[in-house]
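The structure under discussion appears below in the form of structure tokens.
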């Protein structure tokens, strides 16, 4: 596997279900991100992890729960979602070193297309 | 606050035409980074270029070229001799100096849908 992989690619779940999205990066990066892409809206940053530590939670509802067990893996646990949460969820990673970040580009996975019924 | 505006929602061209995608940004940071990404129908965002605010040199990569104008806060993207495979959504993005809480925050534009007809 190369780059950033995401599973599953498609997910349909009911509002009472619990599911998890998985992301894995094979680039040796130390920062990982979750984004949400809804129709007719800009990409929205949800969470940022740097060296497994969460450094950003962009006012995301608690029904989305991220987990980063190591620098290569990132999960997004979902429970009691709403239909408006249907979207493409994208994972990304980047290499950041030192205290002052260098603005390195983020590499994205193919996304998980989530439909909440 | 940072903002990225891609005023062109959709562009349609015929193969071999040149096309320019506009990007205008707003930021109070003196150091910042600009990016272009391509999102084909498969959904994955593909990184195309990163430009640092202190480097105003324009760049050319094959049929792609980028024009960074700090004076007008613009970072436009031109595809020369477009091809059907260029059809995708193109996003311009901006990030700050990545210090402290601004770490990792990419602000995206709305995207421009480019359709290249044979």
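Chains as they are written, first to last, in our numbering: chain A, 717 to 833; chain B, 27 to 144. Ideal Cβ positions, reconstructed from N, Cα and C, are used throughout, including at glycine.
Buried versus exposed call for residue i [16 or more other C-beta atoms within 10 Å across all chains shown]
i, result
"residue 734 of chain A", "exposed"
"residue 46 of chain B", "exposed"
"residue 767 of chain A", "exposed"
"residue 86 of chain B", "exposed"
"residue 114 of chain B", "buried"
"residue 764 of chain A", "buried"
"residue 133 of chain B", "buried"
"residue 837 of chain A", "Residue 837 of chain A cannot be examined here, being either before or after the span of chain A that is shown, 717 to 833."
"residue 44 of chain B", "exposed"
"residue 770 of chain A", "exposed"
"residue 723 of chain A", "exposed"
N- and C-terminal bounds of the beta strand (DSSP E) containing residue i
i, result
"residue 765 of chain A", "760-766"
"residue 731 of chain A", "Where residue 731 of chain A is concerned, there is no enclosing beta strand (DSSP E), given that its DSSP letter is neither H nor E."
"residue 77 of chain B", "72-78"
"residue 808 of chain A", "803-810"
"residue 32 of chain B", "Per DSSP, residue 32 of chain B belongs to no beta strand (DSSP E) and is neither H nor E."
"residue 64 of chain B", "59-65"
"residue 143 of chain B", "138-143"
"residue 119 of chain B", "114-121"
"residue 45 of chain B", "45-47"
Nonlocal neighbours in the same chain, by C-beta distance under 7 Å from residue i, ignoring five residues either side
i, result
"residue 55 of chain B", "122 and 123"
"residue 112 of chain B", "105, 140 and 142"
"residue 52 of chain B", "28, 29 and 99"
Assigned secondary structure, residue i (DSSP; H/G/I helix, E/B strand, else coil)
i, result
"residue 828 of chain A", "strand"
"residue 785 of chain A", "strand"
"residue 100 of chain B", "strand"
"residue 82 of chain B", "coil"
"residue 41 of chain B", "coil"
Close-in-space but distant-in-sequence residues of the same chain around residue i (CB under 8 Å, 5 per side omitted)
i, result
"residue 823 of chain A", "719, 720, 741, 743, 745, 808, 809 and 810"
"residue 725 of chain A", "826, 827, 828 and 829"
"residue 772 of chain A", "761, 763 and 764"
Residues of its chain near residue i, where Cβ-Cβ distance is below 6 Å and the 5 sequence neighbours each way are ignored
i, result
"residue 94 of chain B", "77, 82 and 101"
"residue 831 of chain A", "728 and 802"
Between the segment 735-753 of chain A and chain B, which residues of the former have CB atoms less than 8 Å from a CB of the latter, in chain order? So the list reads 747 and 749, given in the order they occur along the chain.
Chain B contacts made by the segment 779-795 of chain A, where a contact means CB separation under 9 Å: The segment 779-795 of chain A vs chain B, Cβ under 9 Å: nothing.
Which residues of the segment 66-80 of chain B have a Cβ closer than 8 Å to any Cβ of chain A? Give them in chain order. Taking 8 Å as the Cβ-Cβ cut-off against chain A, the residues of the segment 66-80 of chain B that qualify are 68, 69, 70, 71, 72, 73, 76 and 78.
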